[in-house]
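To start, the structure itself, in structure tokens.
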Amino acid sequence: MPAAKTKTTGRKTKKKTTRKVKKNLVIVESPSKAKTIQKYLGSRYKVMASLGHIRDLPKSKMGIDIENDYEPHYISIRGKGDVIKELRKEAKKANHVYLASDPDREGEAIAWHLSYLLGLDPHDKNRVVFNEITKDTVKNAFKTPRSIDMNLVDAQQARRVLDRLVGYSISPILWAKIKKGLSAGRVQSIALNLIIKREEEIKKFVPEEYWTIDGQFQKGRSKFNADFYGKNGKKVKPKNNDEVQAILADLDSKKPFTIANVEKKERRRQPPLPFTTSTMQQVANNSLKFRTSKTMMVAQQLYEGINIGRGGAVGLITYMRTDSTRISAVAKHEASKFIHDEYGAEYAALKPRVGKLPEGAQDAHEAIRPSSVMRTPASLKKYLTPDQMKLYSLIWSRFVASQMTPAVYDTARVDLEQNGITYRANGSQMKFPGFTKVYQDASKKDNKLPDLAVGEEVKMVKNQPNQHFTLPPARYTEAALIKTLESNGVGRPSTYAPTLNTIQKRYYVKLVARKFEPTELGEIVNQMIKDCFPDILNIDFTADLEDQLDEIEEGKRQWVKVVDEFYKPFEKELNSASAKIEKVRIKDEPAGFNCEICGAPMVVKMGRYGKFYACSRFPECRNTKAITKEIGVKCPKCKQGEILERKSKKNRIFYGCSRYPDCDFVSWDMPVGRNCPKDGHYLVYKKSRKGRQVVCPNGDYEEPIEK
0 MPAAKTKTTG
10 RKTKKKTTRK
20 VKKNLVIVES
30 PSKAKTIQKY
40 LGSRYKVMAS
50 LGHIRDLPKS
60 KMGIDIENDY
70 EPHYISIRGK
80 GDVIKELRKE
90 AKKANHVYLA
100 SDPDREGEAI
110 AWHLSYLLGL
120 DPHDKNRVVF
130 NEITKDTVKN
140 AFKTPRSIDM
150 NLVDAQQARR
160 VLDRLVGYSI
170 SPILWAKIKK
180 GLSAGRVQSI
190 ALNLIIKREE
200 EIKKFVPEEY
210 WTIDGQFQKG
220 RSKFNADFYG
230 KNGKKVKPKN
240 NDEVQAILAD
250 LDSKKPFTIA
260 NVEKKERRRQ
270 PPLPFTTSTM
280 QQVANNSLKF
290 RTSKTMMVAQ
300 QLYEGINIGR
310 GGAVGLITYM
320 RTDSTRISAV
330 AKHEASKFIH
340 DEYGAEYAAL
350 KPRVGKLPEG
360 AQDAHEAIRP
370 SSVMRTPASL
380 KKYLTPDQMK
390 LYSLIWSRFV
400 ASQMTPAVYD
410 TARVDLEQNG
420 ITYRANGSQM
430 KFPGFTKVYQ
440 DASKKDNKLP
450 DLAVGEEVKM
460 VKNQPNQHFT
470 LPPARYTEAA
480 LIKTLESNGV
490 GRPSTYAPTL
500 NTIQKRYYVK
510 LVARKFEPTE
520 LGEIVNQMIK
530 DCFPDILNID
540 FTADLEDQLD
550 EIEEGKRQWV
560 KVVDEFYKPF
570 EKELNSASAK
580 IEKVRIKDEP
590 AGFNCEICGA
600 PMVVKMGRYG
610 KFYACSRFPE
620 CRNTKAITKE
630 IGVKCPKCKQ
640 GEILERKSKK
650 NRIFYGCSRY
660 PDCDFVSWDM
670 PVGRNCPKDG
680 HYLVYKKSRK
690 GRQVVCPNGD
700 YEEPIEK
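Residue numbering for the sequence shown follows numbering that gives the first Met the number 0, beginning at 0 and increasing consecutively.
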């Protein structure tokens, strides 16, 4: 039986064709920011990252035509060729190109350089800015693009040119007269000078003796403390033991004290303002022990976007480079609703505290705050790393506290007298917690006094004289140094972290117990700049220059004129500096032992990361060794080598075995030299504010704190 024939129709089927729609190209700085924004904009947009700046001044030379209005000679940054090629390729086939770099001078400059390399017209409306990376904010920003703000670009360009003129003019003198690899800069030189001045104050400080007399009194069963105040109605500060004994001689141990005066008041403690960049850096350094660079790195992550599960990636905080404490009306309203619902109407401020804008502040962005106060730290805990969680909690609680009512305290001041001798007691008790309900770091312990009335008698149960000596000014921590720079108008939010990094990287200063100490090298460099370039170290001069950069941003000054007014007198100092400075020889200290390779004496040399041992016959013999210190403990791993105190390239102390690389034992904490009685693991010392404590790294054992 033949196979059945299939029926065919003469009609041809038409192949459906779809026209490819051109996408819009969006360029941001980082891949994580690109990833977050891509989710918000959808398939009609392609978001790419430039990976920061793509064009800059050359590293090999000055790159500025001083004779031709300080014209900068920009080149593509080495290693960015593939990125530029890919961006150009996508820009050619894009429907429209948007430049969405950060909303500050640096971001504006990146957008301007991108427009140049991609052949875009800087007058076109292709610049998109947003203060927070949330879906609504980003989408709304793309509805109102603007052209590149050349005032912002000029302000950034002026700073870059000024820093290049200073750095590339002074650095070669430092290389010739001191050693290679050194650098100088406007803000870093001020920071170094402040640290050295503080060290000089400490060395010159002469302690002065003074005494206090702590008394304890009793009314019924209640005991309270009061301190010696004065004699015959006048305040007295005893300076030595003889004066103390004369005061004590006037007291009658059998006679009671009489309440001479009671003053009760209500004190209101205002909530803190939301964070600016510098206050965030200071509080994170003080309370979280975060270095400034770490604070900014974690804040950048929170700003650019974190994946929070079903909600996808979202920017959790507003832009983290700001000198303003201003808060948007929308954020205020959301915070007020949250406080009403969570804590009650009495905790929500009707008119939240408004901070005074510091001199020179631009108020371009809001304060640093959560992009939504409804995203509480507790709700995000499973999505954040420990460091992200710590910083987010700090930013969130500080912002919420800033929108709350003051804390209210009942205070009392009581004067107790006997034979013309006055003791004074101060008491304070919280009446209403206000903002301290959220911002716990700001709360203080109560010091409650019993009810005391004028004319009542109380008994003295203890009287303790204490000798004291005045203390020298404290060395700068990162937080204290930033606060000082900001209060003097030196630098801006974006400059503090790189400035502190540079002075440590160059080994001009070192961090000891979280405080800056100048090195010998730092003192030599500072003295040279002080002798030859006094304006560079003049705080008022540098602060005034910052103000002029702000005026360029506002369109009030022309950048070439500002640079010229700085450079003309600086050039004269530069011409005389080389002849004025004698070559400084940093003497090599004898190490006390010989080179194991050639037998010549070893010496202590100064290097990029601090001091090290080197052969005195360098460069004929290139033997070098790290400077280490034995701590008197055998290695807990191999039981043969000695544990040595070493330093990492970032100048951080760690502990390792002397038999490295045969034994790879390493620890950030100092081993104690004995094992945990619970699990046999080696014990280490952990430092705290109260002292150091012996603990087991496994966390199951600890001993009392050694003060």
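We put the CB at the ideal spot given by N, CA and C, even for glycine.
Use the C-beta contact count for P270: other C-beta atoms within 10 angstroms, 16 or more gives buried, fewer gives exposed.
buried
So, does the segment 162–180 touch the segment 48–68, judging by three or more C-beta pairs under 8 angstroms?
yes
Opening and closing residue of the beta strand (DSSP E) in which H332 lies
Premise fails: H332 lies in the alpha helix (DSSP H), A328 to E341, not in any beta strand (DSSP E).
Residue from L193, H95 and A93 whose Cα sits closest to the Cα of L480:
Measuring C-alpha to C-alpha distances from L480 to each of L193, H95 and A93 identifies L193 as the nearest.
Cut-off 8 angstroms between Cβ atoms - residues of its own chain near D678, not counting five sequence neighbours on either side
C695, N697, D699 and Y700
Within this structure, are the beta carbons of K430 and D414 separated by less than 8 angstroms?
no
Once DSSP output is grouped into helix, strand and coil, what is the label at P270?
coil
According to DSSP, simplified to helix, strand and coil, what is L643?
The answer is strand: DSSP assigns L643 an E or B state.
In the DSSP assignment, find the beta strand (DSSP E) that holds H467 and state where it starts and stops.
E456 to F468
Consult DSSP for T317 and reduce its assignment to one of helix, strand or coil.
T317: strand per DSSP, three-state reduction.
Give the secondary structure of S666 by DSSP, where H, G and I count as helix, E and B as strand, and everything else as coil.
Three-state DSSP puts S666 in a strand.
Stretch-stretch touch, CB-based, cutoff 8 angstroms, three pairs: the segment 566–585 with the segment 522–536
yes
Give the C-beta separation of L82 and S49 to the nearest angstrom, bearing in mind that I take them to be a contact with Cβ-Cβ under 8 angstroms.
A small correction: the amino acid at residue 82 is Val; Leu does not occupy that position in the sequence shown. The pair is a contact, with the Cβ atoms about 6 angstroms apart (cut-off 8 angstroms).
Span of the beta strand (DSSP E), counted from its first residue to its last, around N224
S221 to K230
How many Å lie between V353 and T324 at the Cα?
8 angstroms
Where S442 and V313 are concerned, what is the direct C-alpha to C-alpha distance, given to the nearest angstrom?
Note that S442 has pLDDT 49, beneath the 50 cutoff, so the model's placement of it is unreliable and no number is given.
For K628, is the classification buried or exposed, using 16 other Cβ atoms within 10 angstroms of its Cβ as the cut-off for buried?
exposed
In the DSSP output, what is C656 paired with across the bridge?
DSSP, once it has assigned bridges, lists I642 as partnering C656.
May I ask you to check if the CB of K604 is nearer than 7 angstroms to at least one heavy atom of the ligand PLP?
Only the bare structure without any ligand can be found here, which leaves the ligand PLP out of the picture.
Answer yes or no: do A99 and I36 have a C-beta to C-beta separation smaller than 8 angstroms?
yes
Which residue wins for smallest C-alpha separation from A157, given the options A613, I538, K230 and E70?
E70
Which residue or residues does DSSP assign as beta-bridge partners of Q417?
DSSP lists I420 as partners of Q417.
What residue range is occupied by the uninterrupted alpha helix (DSSP H) comprising M527?
E519 to C531
Alpha-carbon spacing of A149 relative to V127, whole angstroms:
One detail in the question is off: residue 149 reads as Met in this sequence, not Ala. The straight-line gap from Cα to Cα measures roughly 14 angstroms.
Using three-state DSSP, classify A613 as helix, strand or coil.
strand
Measuring straight from C-alpha to C-alpha, what distance separates C662 and Q639?
9 angstroms
G595, enclosing beta strand (DSSP E) - first and last residue
It should be noted that the sequence gives Glu, not Gly, for residue 595. No beta strand (DSSP E) holds E595; DSSP gives it neither H nor E.
Any idea if V665 is buried or exposed, counting beta-carbon neighbours within 10 angstroms, 16 or more meaning buried?
Of the residues assessed, V665 falls on the exposed side of the cut-off, its CB having fewer than 16 other CB atoms within 10 angstroms.
Determine the contact status of D445 and S427, defining contact as a CB-CB distance below 8 angstroms.
In contact: D445 and S427 (Cβ atoms closer than 8 angstroms).
Mind checking whether K222 and V460 have CB atoms under 8 angstroms apart?
Yes; because the gap between Cβ atoms is below 8 angstroms, this pair is in contact.
Identify every residue that forms a DSSP beta bridge with Y684.
V693
Could you check which residue in I26, I528 and A590 has the C-alpha nearest to that of I626?
A590
Short check: CB of P369 to CB of F337, under 8 angstroms?
no
Would you report the Cα separation of G359 and I538, rounded to the nearest angstrom?
Residue confidence is low: G359 scores 46 on pLDDT, short of 50, so the model does not pin down where it sits. No coordinate-derived value is stated.
Please report how far the alpha carbon of K263 lies from the alpha carbon of A411, in whole angstroms.
Roughly 4 angstroms separates the two Cα atoms.
Proximity below 8 angstroms, CB of S401 to CB of P351
At a Cβ-Cβ threshold of 8 angstroms, S401 and P351 count as neighbours.
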